[in-house]
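Before any comments, here is the structure.
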Amino acid sequence: DRNRSAGPKVVAVEHQLAETILADAYAAVQAVQTPIKIERDVICGDPGTALLQQSRSAALLCVGAPKAAPHGPSDSLATSVAAAASCTVAVVPPRRCAAWERYGCLAVSLDSLNIDYDALEIAVEEAELHRFSLQVVIKDCDESAVDALIDRWTRRYVDVDTRVVQSDDFVSYVSGQHGLVHAVVVGPENQ
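The numbering of the sequence shown is my numbering, which starts it at 9 and goes up by one.
Below is the structure:
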């Protein structure tokens, strides 16, 4: 973030650190051995502004939430980016732990009048990967359409315990879960 008063040496060290982190992340994705298109770049500036600008052309934006444990994904940068991004956003907690695998869940926000199938697919896959239960938080609930959709996904992902909840305010719902929600997925039209 160039808005901070940092000298050229600090900026150079931060830039090198960013390049190293990107290289490590790229190597981790390549190790999966599944063809995934990756673009990487180091951008200087306010992190929130830069992420929102990048969300205009991204299919998925993953935002780390360093304050996600133990009180849920409530980091201010992650929350503000998830609320204003132009693409689907995954808020990623800082680390996994055994208690999360036993008790944690992932929440996805959907609007039954305009369902984001990409957000739902990402949520189900992440819930399965991390062994979370899945809470599908529906706004403007059309139960017949939602039930058919969720039934189709739960047949494909039988190991994911899925629950549908109706709420008009996704952030309030997640905050009220007292730390049980450890990751969230929000599509751009549900923010």
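Ideal Cβ placement from N, Cα and C applies to all residues, glycine included. None of these values were measured; they are calculated from a predicted model.
Extent of the continuous beta strand (DSSP E) to which residue i belongs
i: L60; result: Unbroken run through L60 is the alpha helix (DSSP H), P55 to S63; no beta strand (DSSP E).
i: T96; result: T96 to V100
i: D126; result: Per DSSP, D126 belongs to no beta strand (DSSP E); it is in the alpha helix (DSSP H), Y125 to H138.
i: A115; result: C113 to D119
i: R171; result: T170 to Q174
i: I146; result: S141 to K147
i: C70; result: L68 to G72
Counted within 10 angstroms of its Cβ, other Cβ atoms place residue i as buried (16 or more) or exposed
i: H79; result: With a pLDDT of only 43 at H79, under the threshold of 50, the placement of this residue in the model should not be trusted; the figure read from the coordinates follows. Label assigned to H79: exposed.
i: G72; result: exposed
i: I46; result: exposed
i: D124; result: buried
i: H190; result: buried
i: V144; result: buried
i: A33; result: exposed
Cβ separation of residue i and residue j, assumed to be a contact under 8 Å, to the nearest whole Å
i: L69; j: L85; result: Wrong, their Cβ atoms sit about 12 Å apart, outside the cutoff.
i: V168; j: A135; result: 5 Å
i: C95; j: A67; result: 6 Å
C-alpha distance - residue i paired with residue j, whole-angstrom precision
i: Q38; j: V173; result: 37 Å
i: G187; j: I44; result: 32 Å
i: Y181; j: L118; result: 13 Å
i: R164; j: F140; result: 16 Å
i: D148; j: F178; result: 12 Å
i: V18; j: C52; result: 13 Å
i: L30; j: E22; result: 12 Å
i: S65; j: P196; result: 12 Å
i: I158; j: A92; result: 26 Å
i: H214; j: L114; result: One cannot answer for residue 214 here, as it falls past the ends of the chain, which runs 9 to 199.
i: A20; j: T57; result: 21 Å
i: G25; j: S183; result: A small fix is needed here, since residue 25 is Leu in this sequence, not Gly. Straight-line Cα distance between these residues: approximately 33 Å.
i: Q185; j: P16; result: 44 Å
i: D155; j: W161; result: 10 Å
i: V116; j: V166; result: 18 Å
Start and end residues, alpha helix (DSSP H) containing residue i
i: S180; result: F178 to S183
i: S88; result: S84 to A92
i: T28; result: P16 to A39
i: L188; result: Here L188 belongs to no alpha helix (DSSP H), and DSSP marks it neither H nor E.
Identity of the residue in the options nearest residue i by Cα
i: E133; options: T170, D155, A93 and K147; result: T170
i: D54; options: Q143, V89 and D176; result: V89
i: E27; options: H190, V50 and T162; result: V50
i: Q62; options: Y34, Q41, V97 and W161; result: V97
i: L142; options: T57, V192, T87 and A35; result: V192
i: V194; options: W161, V99, L25 and S183; result: V99
Residue i Cβ short of 6 Å to the ligand FMN heavy atom set
i: G187; result: Absent from the structure shown: the ligand FMN. Ligands present: none.
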